[in-house]
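Numbering (the numbering used here), first residue to last: 89 to 350.
Here's the structure, in structure tokens; my notes come after.
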DNA sequence: ATGTCCTTGTTACAAGGA
């Protein structure tokens with residue numbers, strides 16, 4: 089079973105790229121973030137015409153928005169507004185094999201890493217706390233997978249320069265503390281690191297502002313795939329498809345694929 | 001460090017977010 093996650097930065101502008109990706113990589117389930125579209129305008133038909141008949145969306149105008157596109161039947165889906173700010177940042181599904189997939193778009197957090205000066209940074213930490221509390225209290229019998237744009241690059245090899253980014257939102261010590269609390273809130277395994285080890289640099293996002301993004305390679309690993317520990321031995325492959333950053337009109341994030349032996 | 005890209009509102013750009 090192949091599960092992918094991709095911050096698409098507008099589904100409508102990149103729908104052709106997404107369809108090509110789904111068919112070429114034979115994806116079963118795709119979790120999208122930053123769809124930037126209300127549910128009534130979501131391109132359901134294009135996905136259905138290509139064999140993806142099961143779609144769950146939680147979108148809004150202009151900002152945020154998440155969706156799950158599936159070739160396999162969905163038995164249940166669930167949305168939650170963790171910070172009660174009417175922001176569409178989460179949707180989950182359950183499959184017939186009783187696997188539950190959580191799709192998140194965590195807040196970016198603004199520029200200034202100071203909760204007193206920057207309400208967006210406060211919201212980001214708050215959102216992490218709310219999700220942590222939720223998983224701590226939750227008692228589900230389903231097999232769990234969590235994916236999405238978490239907007240935090242937790243370790244040194246998740247950023248191009250640990251020293252230069254230590255005070256930059258996405259890699260600050262306080263954020264990493266919240267990230268660690270969340271991963272400890274349940275039996276989570278960071279599947280990308282589990283599969284690749286800790287030593288190599290892995291990035292999933294390169295800023296649009298760096299024109300020579302490939303040459304400079306100033307990337308960060310903001311997109312994540314976590315699996316419940318009991319699923320970790322079922323991981324057959326993990327891919328971070330850097331080539332998608334090279335195509336014309338790219339998203340600033342590339343897709344990640346988890347291949348599970350299920 | 002703020003060079004780009006995307007959306008919206010209003011009608012060729014500016015604002016806001018990332």
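Ideal Cβ positions, reconstructed from N, Cα and C, are used throughout, including at glycine.
Provide the residue span of the beta strand (DSSP E) that contains residue 166, from first to last. 162-167
For residue 236, count neighbouring Cβ atoms within 10 angstroms of its own Cβ and tell me buried if that reaches 16, exposed if not. buried
Would residue 242 be called buried (16 or more neighbouring beta carbons within 10 Å of its own) or exposed? buried
Below 8 Å, how does it come out for the region 248-258 and the region 271-287: are there three or more Cβ pairs, yes or no? no
Exposed or buried, what is residue 195 when buried is set at 16 or more other beta-carbons lying within 10 Å of its beta-carbon? buried
Cβ contact (3+ pairs, closer than 8 Å) linking the region 325-342 and the region 213-227: no
From this set, 143, 291, 130, 350, which residue's C-alpha is nearest residue 119's C-alpha? 143
Between residue 344 and residue 324, is the Cβ-Cβ spacing less than 8 Å? no
At what residues does the beta strand (DSSP E) containing residue 193 begin and finish? 187-193
Look up residue 100 in the DSSP assignment and give the residues it is bridged to. In DSSP, residue 100 forms no bridge with anything.
What's the gap between the Cα of residue 199 and the Cα of residue 132? 35 Å
Where residue 218 and residue 197 are concerned, what is the direct C-alpha to C-alpha distance, given to the nearest angstrom? 15 Å
Note down, in chain order, each residue of its chain lying with its Cβ closer than 6 Å to the Cβ of residue 117, except the 5 sequence neighbours on either side. 91, 158
Short check: CB of residue 216 to CB of residue 267, under 8 Å? yes
Starting from residue 157, trace the beta strand (DSSP E) both ways and give me its first and last residue. 154-158
Going by DSSP, name the residue or residues bridged to residue 236. 192, 312
Measuring alpha carbon to alpha carbon, tell me which of 204, 111, 123 ends up nearest residue 138. 111
Please name the residue in 262, 172, 298, 270 whose C-alpha comes closest to that of residue 312. 270
Would residue 123 be called buried (16 or more neighbouring beta carbons within 10 Å of its own) or exposed? buried
Grab the span of the beta strand (DSSP E) containing residue 178 for me, first residue to last. 178-183
Please classify residue 347: does DSSP put it in a helix, a strand, or coil? strand
Please state the DSSP three-state secondary structure of residue 227. coil
Opposite residue 95 in the DSSP bridges: which residues? 121
Buried or exposed for residue 250, please, with buried defined as at least 16 other CB atoms from any protein chain shown within 10 angstroms of its CB. exposed
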